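*Asks:* The following block contains the structure, expressed as structure tokens.
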Amino acid sequence: MNSELWIEEKLEDFLGLRLKVEKTLFSGKSEFQSVDVVETKGHGKMLLNDGLIMVTERDEFVYHDMITHVPLFVHPNPKNVLVIGGGDGGTAREVIRHTNVEKCTMVEIDEMVVNACKEFIPQTSSQLNDERIDLIIGDGVEFVKQSRAKGTKFDVIIVDSTDPIGPAQPLFGHEFYEDIYACLSDDGIVVSQGESPFYQEEMQNKLVNIVSDTFPIVSIYNFSNLTYPGGLWSFTFASKKYHPVKDFDDARVAASELEFEYYNEGIHRGSFAIPTFQRKRLSKWLKD
Ligand code: SAM
Numbered sequence: 065m066n067s068e069l070w071i072e073e074k075l076e077d078f079l080g081l082r083l084k085v086e087k088t089l090f091s092g093k094s095e096f097q098s099v100d101v102v103e104t105k106g107h108g109k110m111l112l113n114d115g116l117i118m119v120t121e122r123d124e125f126v127y128h129d130m131i132t133h134v135p136l137f138v139h140p141n142p143k144n145v146l147v148i149g150g151g152d153g154g155t156a157r158e159v160i161r162h163t164n165v166e167k168c169t170m171v172e173i174d175e176m177v178v179n180a181c182k183e184f185i186p187q188t189s190s191q192l193n194d195e196r197i198d199l200i201i202g203d204g205v206e207f208v209k210q211s212r213a214k215g216t217k218f219d220v221i222i223v224d225s226t227d228p229i230g231p232a233q234p235l236f237g238h239e240f241y242e243d244i245y246a247c248l249s250d251d252g253i254v255v256s257q258g259e260s261p262f263y264q265e266e267m268q269n270k271l272v273n274i275v276s277d278t279f280p281i282v283s284i285y286n287f288s289n290l291t292y293p294g295g296l297w298s299f300t301f302a303s304k305k306y307h308p309v310k311d312f313d314d315a316r317v318a319a320s321e322l323e324f325e326y327y328n329e330g331i332h333r334g335s336f337a338i339p340t341f342q343r344k345r346l347s348k349w350l351k352d
């Protein structure tokens with residue numbers, strides 16, 4: 065008898081990624097999605113939303129380094145940062161390592177994700193009680209609409225979202241990015257989870273097209289994500305003033321005295337060198 069338990073994340077009907085599971089730590093269903101935390105054999109604890117892998121302890125640093133430190137080292141003085149989604153806490157954790165950040169507002173729609181991570185994945189969630197983090201349980205779409213109406217401004221906005229299904233669907237919409245543009249300071253930057261360049265071409269095209277309609281500087285950068293389908297993943301970078309490579313000052317990274325396991329000056333520059341197939345497909349929208 066085979067009593068081994070494996071979790072498989074399927075991409076459509078032709079690709080699967082399997083991880084061996086030692087035990088289930090949490091299993092719940094919120095009004096938005098199913099939320100599971102499992103202990104895997106090779107990747108530590110893992111969060112899944114609707115059966116899709118969000119983070120694993122072993123490689124979460126790659127995603128969180130790249131979604132956070134790229135915009136925070138391009139912007140010369142990010143003081144007020146907004147994170148949309150990111151319920152595991154890993155992005156907010158990295159944001160507040162930057163000493164010039166005075167406040168990190170995080171708007172996550174699903175309290176169950178936050179609570180499950182607080183209880184079972186302290187590696188990502190342990191900083192969520194930091195006094196510089198203002199955690200709001202609510203819809204990021206509504207939040208930016210209201211912030212726009214109130215005239216609130218952020219220097220950097222990070223959209224750390226799930227795929228565009230369910231509550232995350234409007235996060236891949238025109239109106240949302242118009243509100244984001246309005247909520248960014250005159251030299252603001254927005255970085256967003258940009259899907260797989262290889263398998264999710266349509267979603268990536270749509271997102272880059274939308275940000276291109278709104279922002280004067282639009283780019284995309286790639287990184288290795290071991291536990292997402294295909295292993296190659298993207299973030300979009302849209303900005304009012306600063307170019308992600310030409311305005312990047314390597315010296316600021318050393319001067320910060322922060323240490324990283326993935327991010328460094330070379331990775332920053334190199335991640336914007338995208339493969340030819342992706343550049344050809346996106347060239348009509350990229351403004352870099
Ligand atoms: N690293 C992850 C990935 O790309 O798979 C994303 C991590 S984080 C867990 C994504 C979070 O976005 C989820 O917890 C989800 O609840 C949240 N989310 C989805 N739609 C949202 C919305 N409209 N407003 C705020 N948060 C949202």
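When we follow our numbering, the leftmost residue of the sequence shown carries the number 65, and every step to the right adds one. Just so it is clear, CB atoms sit at the ideal spot from N, CA and C, and this is done for glycine as well. For clarity, every value in this text was computed on a predicted model and none was experimentally measured.
Can you say whether Gly151 is buried or exposed, counting buried as having 16 or more other CB atoms within 10 angstroms of its CB?
*Replies:* Here residue 151 is taken as the residue at index 87 of the sequence shown, counted from 1. By the 10 Å Cβ count, Gly151 comes out buried.
*Asks:* Can you tell me whether Asp219 is helix, strand or coil according to DSSP?
*Replies:* As a working note, residue 219 is residue 155 in the sequence shown. Asp219: strand per DSSP, three-state reduction.
*Asks:* Between which two residues does the alpha helix (DSSP H) holding Asp243 run?
*Replies:* Here residue 243 corresponds to residue number 179 of the sequence shown, with the count starting at 1. Segment His238 to Cys247, the alpha helix (DSSP H) holding Asp243.
*Asks:* Can you tell me whether DSSP reads Ser98 as helix, strand or coil?
*Replies:* Translated into the one-based positions of the sequence shown, residue 98 becomes position 34. The answer is strand: DSSP assigns Ser98 an E or B state.
*Asks:* Taking all protein chains shown into account, do 16 or more other C-beta atoms lie within 10 angstroms of the C-beta of Thr340, making it buried, or fewer, making it exposed?
*Replies:* The sequence position of residue 340 within the sequence shown is 276, counting from 1. So Thr340 ends up on the exposed side.
*Asks:* Can you tell me the Cα-Cα spacing of Ser98 and Glu329, whole angstroms?
*Replies:* Taking the first residue of the sequence shown as position 1, residue 98 is located at position 34. Taking the first residue of the sequence shown as position 1, residue 329 is located at position 265. Using only the alpha carbons, I get a separation of about 38 Å.
*Asks:* Do Val208 and ligand 1 come close, with the Cβ less than 7 Å from some heavy atom?
*Replies:* Here residue 208 refers to the residue found at position 144 of the sequence shown. Flag unset: Cβ of Val208 not near ligand 1.
*Asks:* Taking only the alpha-carbon atoms, compute the straight-line gap between Lys348 and Ser283 and give it to the nearest angstrom.
*Replies:* Translated into the one-based positions of the sequence shown, residue 348 becomes position 284. Translated into the one-based positions of the sequence shown, residue 283 becomes position 219. So the two alpha carbons sit approximately 11 Å from each other.
*Asks:* Cutting at 6 Å between CB atoms, please list the residues of its own chain near Arg157, excluding the five before and the five after it.
*Replies:* Taking the first residue of the sequence shown as position 1, residue 157 is located at position 93. Within the same chain, Arg157 has close Cβ partners Gln191.
*Asks:* Would you decide whether Lys109 is buried or exposed? Buried here means 16 or more other CB atoms lie within 10 Å of its CB.
*Replies:* On the sequence shown, position 45 is the one that residue 109 refers to. Its Cβ being crowded by 16 or more others within 10 Å, Lys109 is buried.
*Asks:* Is it right to say Trp70 is buried, meaning 16 or more other beta carbons lie within 10 angstroms of its own, or is it exposed?
*Replies:* For this step, residue 70 is matched to residue 6 along the sequence shown. Flag for Trp70 reads exposed.
*Asks:* Which whole runs of the alpha helix (DSSP H) in the stretch 163-193 are 4 residues long or more, in chain order?
*Replies:* Qualifying alpha helix (DSSP H) stretches, in chain order: 175-184 and 186-189.
*Asks:* Assuming the contact rule is C-beta atoms closer than 8 Å, Gly258 and Thr300 should be a hit. Round their C-beta distance to whole Å, please.
*Replies:* Numbered from 1 along the sequence shown, position 194 holds the residue referred to as residue 258. Numbered from 1 along the sequence shown, position 236 holds the residue referred to as residue 300. That pair is a contact at about 4 Å.
*Asks:* Helix, strand or coil for Tyr263 per DSSP?
*Replies:* Counting from one through the sequence shown, the residue named residue 263 turns up at place 199. Residue state, collapsed to three classes: coil.
*Asks:* Please return the same chain residues whose Cβ sits closer than 7 Å to the Cβ of Gln342, not counting the five positions on each side in sequence.
*Replies:* For the purposes of this step, residue 342 is taken as residue 278 along the sequence shown, with counting starting at 1. Cβ within range, chain order: Pro261.
*Asks:* Which term fits Asn113, buried or exposed, when burial requires 16 or more other beta carbons within 10 angstroms of its beta carbon?
*Replies:* Position 49 of the sequence shown, counting from 1, holds the residue named residue 113. Its Cβ being crowded by 16 or more others within 10 Å, Asn113 is buried.
*Asks:* May I ask you to check if the CB of Leu235 is nearer than 7 Å to at least one heavy atom of ligand 1?
*Replies:* As a first step, residue 235 is located in the sequence shown; it is residue number 171 there, counting from the start. Yes, the beta carbon of Leu235 sits closer than 7 Å to at least one heavy atom of ligand 1.
*Asks:* Go ahead and pull the three-state DSSP assignment for Met65.
*Replies:* Walking along the sequence shown from the start, residue 65 turns up at place 1. In this prediction, Met65 scores a pLDDT of 47, lower than 50, which makes its location untrustworthy; the coordinate-derived value is nonetheless stated afterwards. Looking at Met65 - three-state DSSP - the assignment turns out to be coil, as it is neither helix nor strand.
*Asks:* What are the boundary residues of the alpha helix (DSSP H) that Phe341 is part of?
*Replies:* Locating residue 341 in the sequence shown gives position 277, counting from the first residue. Unbroken alpha helix (DSSP H) run through Phe341: Thr340 to Leu346.
*Asks:* Hey, quick one: how far does the beta strand (DSSP E) through Ala302 stretch, first residue to last?
*Replies:* As a first step, residue 302 is located in the sequence shown; it is residue number 238 there, counting from the start. Element bounds for Ala302: Leu296 to Ser303.
*Asks:* With a threshold of 8 Å, are at least 3 pairs of Cβ atoms found where one atom belongs to the stretch 192-207 and the other to the stretch 121-134?
*Replies:* Contact fails: fewer than three Cβ-Cβ distances are below 8 Å.
*Asks:* Looking only at its chain, what residues have a beta carbon closer than 6 Å to the beta carbon of Gln187, apart from the 5 residues adjacent to it on each side?
*Replies:* Residue numbering aside, residue 187 sits at position 123 when the sequence shown is read from its first letter. So the list reads Glu121, once near-sequence residues are dropped.
*Asks:* Grab me the residues of Ala246's own chain with a C-beta within less than 6 Å of its C-beta, minus the 5 sequence neighbours each way, in chain order.
*Replies:* For the purposes of this step, residue 246 is identified with residue 182 of the sequence shown, where counting begins at 1. Taken in chain order, the residues that qualify are Arg212.
*Asks:* Output yes or no for whether 8 Å exceeds the beta carbon distance between Phe287 and Trp297.
*Replies:* Here residue 287 corresponds to residue number 223 of the sequence shown, with the count starting at 1. Here residue 297 corresponds to residue number 233 of the sequence shown, with the count starting at 1. A contact, by the Cβ cut-off of 8 Å.
*Asks:* How would you call Gly433, buried or exposed, if buried means at least 16 neighbouring beta carbons within 10 angstroms?
*Replies:* A question about residue 433 goes unanswered here, because the residues of the chain that appear run from 65 up to 352.
*Asks:* Spatial neighbours of Gly230 within its chain, please: C-beta separation below 8 Å, excluding the five flanking residues on both sides.
*Replies:* For the purposes of this step, residue 230 is taken as the residue at position 166 of the sequence shown. Hits under 8 Å: Phe96, Gln97 and Asp114.
*Asks:* Let's see if you can read the secondary structure: which residues bound the alpha helix (DSSP H) around Phe207?
*Replies:* Position 143 of the sequence shown, counted from the first residue, corresponds to residue 207. Element bounds for Phe207: Gly204 to Lys214.
*Asks:* Can Pro231 be considered in contact with ligand 1, in the sense that its beta carbon sits closer than 7 Å to one or more heavy atoms?
*Replies:* As a position in the sequence shown, residue 231 is number 167, starting the count at 1. Yes, the beta carbon of Pro231 sits closer than 7 Å to at least one heavy atom of ligand 1.
*Asks:* If you drop the 5 nearest sequence neighbours on each side, which residues of the same chain put their C-beta closer than 6 Å to that of Ile274?
*Replies:* Position 210 of the sequence shown holds residue 274. Excluding positions up to five away in sequence, the list reads His238 and Tyr241.
*Asks:* Restricting to Cα atoms, I'd like to know which of Leu350, Ile222, Lys304 and Ile338 is closest to Asn269.
*Replies:* Translated into the one-based positions of the sequence shown, residue 269 becomes position 205. If we check each option's Cα against that of Asn269, Leu350 comes out closest.
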